[in-house]
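Take a look at the structure set out below.
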Amino acid sequence: MTLAREPRLPDPDGWYAALMTAHRDLDEAASRRLDAALVVLLANHIGDAAVLAEALALARAAVSPPAAAGPAAAPAR
Amino acid sequence: MRLAPPLFPYRRPAALDRPGPEAAPLVIVGAGPVGLTLALDLARRGIASVLLDEEDTVSVGSRAICWSKRTLEIYGRLGLGQRFLDKGITWQRGRVFHGEREAYAFDLLPEQGHEYPAFVNLQQYHAEAWLVEACTATGLVDLRWRQRVAALETLPDGVRLRVATPDGEYQMQADWLLACDGAHSTLREGLGLPFLGQIFHDRFLIADVRMRAAFPTERWFWFDPPFHPGQSVLLHKQPDDIWRIDFQLGWDADPEAEKDPARVRARVARMLGPDVPFELDWISVYTFRCRRLERFRHGRVFFLGDAAHQVSPFGARGGNGGVQDADNLGWKLAAVLDGRAPESLLDSYDAERLPAADENILNSSRSTDFITPKNAAARAYRDAILALSATQPLARPLVNSGRLSRPAILTDSPLATGGVATAPAPDAPVLRDGQPDWLLRHIGAAGDGFTLLAFAGPGVPPAAAPPGLTRVVVSQEETPGALFDHAGLATARFAAGPGEAVLLRPDQHIAARFAAPELAAIAAAHAKALGHAP
Ligand SMILES: Cc1cc2nc3c(=O)[nH]c(=O)nc-3n(C[C@H](O)[C@H](O)[C@H](O)COP(=O)(O)OP(=O)(O)OC[C@H]3O[C@@H](n4cnc5c(N)ncnc54)[C@H](O)[C@@H]3O)c2cc1C
C-alpha cells in the first residue's frame, strides 16, 4: 500500500474544528500528549509500515529537512 | 544479614619458580558468569583450560538477577539447570503501572510444555559460586585466583601474557586466549581496541532490600509513581527474601549523596509504606552504556560477555547475552582443538554473535530511550502511550519497560544449510520408556554434540544418520529407544512430520532441515556446520 495523497476527508473544516476543540484549554505539554495519542491511535489503525514510513517522511519534509538516518550516537568510551 | 561470600584460595603458581613462560593451550581471563560458563562448557567437551581471575571471590553487590529461558537451557545442558530452578524465583508475568494505576500485565511464556520457565531470578553470586564448584568438579579447569593479567602481546600463533600475583609476576604463552574480563577489560585496552557506542544521561539507584513481603513473584515496573514522582521504579523478587528495587534518579542526581543509607531508607519506606520492616542489603548507583567492539575475534584472542559488548540492564540482556557467547564459542573451540574442524570455523563466532550483540544493544537502547525520554516530544509520546495503555490494548505493545532477553535468531549464518534460520531448538515434553522427559535434554548431549533429530510415525521409519552423528528419534507412537511425542508438541514446534529430520549443533541450534533426508545431504550439512568448505 502507498499513502493516499488525494483529499479524502468528507468535511475538512469540520475535522479541523474538532481538532482545535480537542486542544482547547490544554497547556503546551498536554497538547503535545493529545497529538501523540492521536498519532498512536491512527498509526495503529493504518497498521501498514510502508504507509507510515511514507507519511513520516512527508511530514518531516513539510516542517524541515529530512531527519538524519539512525539514532544519534554519542561516542562513549 | 548478608551472606558471607565464599573465598577461593590463592595458590602460588609453579611458573613463578621456573624459567621461561608457562605454556598453556587455552587461557580464559575472568571468572565472571561468562568465563566460568565457557570453562565449564569446554570441560564438558574434554578440553582443559586455565582460568585467571584477579579477585578471589564471586561478584558481590547487585548485578544480574534475571536468567532467561535460553540461559537456563544452557545450564541444563551443563548440569546446573535444576539448581537454578530449585533456588531461583521463577516468574513470567510482569505488571506495568503508570501514576497511581496499573496500566496492564503481560505474560512472557503463556505456553506450557517447556522444562525451563521464561525467567528465574537468582543473585549473580549464587550462579558464580555454583559454576566455580562445577568447574572444579570437572578436574579440567585450573582456576587461579588473585592472578591478574597485567599485559599481553599477540603473536602469530598465540598470545604472551604477563600475570601478576601476590608473589610477583610470571609469563604465560597461550595458544588461545578467551577474554571474559568484563566491561573494563584490560585485554581490550591492552590491544588498543575501541569500545564505542552510546552513553545514556541518566542515573539509577539499585537497592537490594531484605524483607518479608507479600508481593507476588512478578516483575513490577512503575512509570511516574506517587512515591517517586517523575521517575521510574522496578521491583523484582530474589531468593533469600531479597528484593531488587531500581529507582531512576535522573542525570543531575549526585551519586554519592544518593548512596547515603538514610536517604535510601527514606526512599524505600515511601514506596513500601510505613508498616513494612526491611533491611538494606546493598546499594549502588549506576549509569548505563550500550557499546561493543567492532569485532570479537582478533587472531587467537576472542572477546566474550561484557568485555565484548555492554548493554543497559533493562531487558536482562548483559549476562544472558554473554552466556550465549560462551554457548556459541565453546563447541567451536573444542572442534578446532580436537582437529575436527578447520580454524576458520572460529570466524563464525563473529558472524553469529555480532548480530546477536547488535540485537541486544538495539533492544536495550530502545528501552532506555523509552524509560528516559530525551526531549519533550519523546516525553509526550511516552506519556500518551502510557495513558492510552490503561484502557486501549492497542497501545500496550508500544510501552517499553525492557524487552526481555530472547535468543538471537540468525537468518544468514555461514554454518547453516539451505537458508534455515539459526535458532535454538524448541523444547517439548516427551516420554522415554514411559517416563516423562524433555526433548532438549537429548540434544548436544552425546558424541561430538551434533544430533540428527529424526521424526517417525506410524509406518514411517526415522531417517538414518551418517556415521559420526548421534541420532535421536522422535516418534508419534511409543517405540523402544525413541522419544515418544505424546503431546504432539515436538512435531508441532519443529513443524516436522514423520520421515523428516533436523540437524542440530552442539549448542542446540538448528543447522539444517530435511524434508526427504538423504545420508549424503546430511553429511554435507554436518561438514558445513563444522566450517568445512563445501
Ligand atoms: C545493576 C545491574 C543489573 C543487571 N541485571 C542483569 C540481569 O538481570 N540479567 C543479566 O543477564 N545481566 C544483568 N546485568 C549484567 C551482568 O551483570 C553482566 O553482563 C555480567 O556480569 C557479565 O559477565 P562477564 O563474565 O562478561 O563479566 P564480569 O561479571 O564483569 O566478570 C569479569 C571478571 O573478570 C575479572 N577480571 C577483570 N580484569 C581482569 C584481569 N586483568 N585479570 C584477571 N581477571 C580480571 C573480574 O575480577 C571479574 O571476575 C546487570 C548488571 C548490572 C550492573
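Line by line, the protein sequences give chains Y and E. Counting from 718, one number per residue, gives the positions in the first sequence under this note's numbering. Counting from 940, one number per residue, gives the positions in the second sequence under this note's numbering. Glycine is no exception: its CB is placed at the ideal position from the N, C-alpha and C atoms. All figures in this text were calculated on a predicted structure; none of them were measured in a lab.
Neighbourhood of residue i by C-beta distance below 8 Å, restricted to the same chain and skipping five residues each side
i, result
"E/Gln1177", "Ile1004, Ile1028, Asn1060, Leu1061, Gln1062, Asp1147 and Arg1183"
"E/Ile1181", "Gln1062, Asp1147, Val1148, Arg1149 and Asp1220"
"E/Glu1218", "Val1148, Arg1149 and Met1150"
"E/Ala1463", "Thr1356 and Pro1473"
"E/Met940", "With a pLDDT of only 41 at E/Met940, under the threshold of 50, the placement of this residue in the model should not be trusted; the figure read from the coordinates follows. No residues qualify anywhere along the chain."
"E/Ser1340", "Gly1033, Val1035, Phe1160, Phe1162, Ser1171, Leu1173, Phe1253, Ser1306, Phe1309 and Ile1310"
"E/Ser1251", "Phe1139, Phe1227, Arg1228, Cys1229, Ser1303, Ser1304, Ser1306 and Thr1307"
"E/Asp1376", "Pro1368, Val1369, Leu1370 and Leu1422"
"E/Leu1017", "Thr976, Leu979, Asp980, Arg983 and Ala1073"
"E/Pro1200", "Leu1219 and Ile1222"
"Y/Glu723", "none"
"E/Leu1047", "Gln1031, Arg1032, Gly1033, Ala1057, Phe1058 and Leu1343"
7 Å Cβ cutoff met for residue i and residue j
i, j, result
"E/His1053", "E/Asp1286", "no"
"E/Ala1296", "E/His1237", "no"
"E/Leu990", "E/Leu1100", "no"
"E/Tyr1043", "E/Ser1328", "yes"
"E/Arg1087", "E/Ala1103", "yes"
"E/Thr1390", "E/Val1359", "no"
"E/Pro1363", "E/Gln1415", "no"
"E/Tyr1064", "E/Ser1001", "no"
"E/Arg1142", "E/Thr1226", "yes"
"E/Leu1379", "E/Glu993", "no"
"E/Gly1269", "E/Leu1070", "no"
"E/Pro1216", "E/Glu1039", "no"
"E/Val973", "E/Asp1120", "no"
"E/Tyr1055", "E/Leu955", "no"
"E/Ala1113", "E/Leu1126", "no"
"Y/Val768", "Y/Leu720", "yes"
"E/Gly1258", "E/Asn1299", "no"
"Y/Ala753", "E/Tyr1288", "no"
"E/Phe1186", "E/Leu1130", "no"
"E/Ala1435", "E/Arg1444", "no"
"E/Thr1409", "E/Gly1386", "yes"
"E/Leu1132", "E/Leu1232", "yes"
"E/Arg1085", "E/Asp995", "yes"
Bridge partner(s) assigned by DSSP for residue i
i, result
"E/Val1413", "E/Phe1394 and E/Leu1422"
"E/Ile967", "E/Leu990 and E/Leu1117"
"Y/Thr719", "Looking at the DSSP assignment, Y/Thr719 forms no beta bridge with any residue, so it has no partner."
"E/Tyr1320", "According to DSSP, which records beta bridges pairwise, E/Tyr1320 is partnered with nothing at all."
"E/Gly1033", "E/Phe1045 and E/Arg1158"
"E/Met1475", "Here chain E has residues from 940 to 1473 only, and residue 1475 of chain E is not among them."
"E/Tyr1225", "E/Phe1143"
"E/Cys1005", "E/Asn1060"
"E/Leu1442", "E/Leu1391 and E/Ala1451"
"E/Asp1185", "E/Ile1145 and E/Leu1173"
"E/Val1080", "E/Ser988"
"E/His1237", "E/Val1240"
"E/Thr1361", "E/Leu1349"
"E/Glu1218", "E/Arg1149"
"E/Ile1138", "E/Arg1228"
"E/Asp956", "For E/Asp956, which the question treats as bridged, DSSP gives no partner whatsoever."
"E/Pro1164", "The partner list for E/Pro1164 (beta bridge, DSSP) is empty, contrary to what the question assumes."
"E/Arg1087", "E/Ala1103"
Other residues of its chain near residue i: CB distance less than 7 Å, five sequence neighbours each side excluded
i, result
"E/Leu1469", "Ala1274, Arg1279, Ala1280 and Leu1284"
"E/Arg1151", "Asp1180"
"E/Arg1022", "Trp1069"
"Y/Asp765", "Met718"
Residue i: CB within 6 Å of a non-hydrogen atom of ligand 2
i, result
"E/Cys1119", "Absence of ligand 2 from the depicted structure is noted, with ligand 1 being the only ligands included."
Proximal residues to residue i (C-beta, below 6 Å), its chain only, five neighbours per side dropped
i, result
"E/Arg957", "none"
"E/Ala1122", "Asp1245 and Gln1249"
"E/Arg1318", "Pro1312"
"Y/Pro792", "For Y/Pro792, the predicted structure reports a pLDDT of 43, less than 50, and the residue's modelled location is therefore unreliable. A value from the coordinates is still provided. Nothing listed; no residue qualifies."
"Y/Ala789", "In this predicted model, Y/Ala789 has a pLDDT of only 46, less than 50, meaning its place in the structure is not dependable enough to derive any value."
"E/Ile1222", "Ala1146, Lys1198 and Val1203"
"Y/Arg794", "With a pLDDT of 40 at Y/Arg794, under the threshold of 50, the modelled position of this residue cannot be trusted; read the value that follows with caution. Result list for Y/Arg794: empty, nothing under 6 Å."
"E/Glu907", "Nothing about residue 907 of chain E can be read from this structure; chain E reaches only from 940 to 1473."
Contacts of residue i in chain B (Cβ-Cβ under 8 Å)
i, result
"E/Ala1319", "The chain labelled as chain B is not found among the protein chains of the depicted structure, namely Y and E."
* What residues in the stretch 747-761 of chain Y have a beta carbon less than 7 Å from any beta carbon of chain E? -> The stretch 747-761 of chain Y vs chain E, Cβ under 7 Å: Arg749, Arg750, Ala753, Ala754, Val757 and Asn761.
* Could you name the residues of the stretch 1322-1340 of chain E whose beta carbon sits closer than 8 Å to any beta carbon of chain Y, in the order they occur along the chain? => Sequence-ordered contacts of the stretch 1322-1340 of chain E with chain Y read Asp1322, Ala1323, Ile1324, Ala1326, Leu1327, Gln1331, Leu1333, Ala1334 and Leu1337 [C-beta pairs closer than 8 Å].
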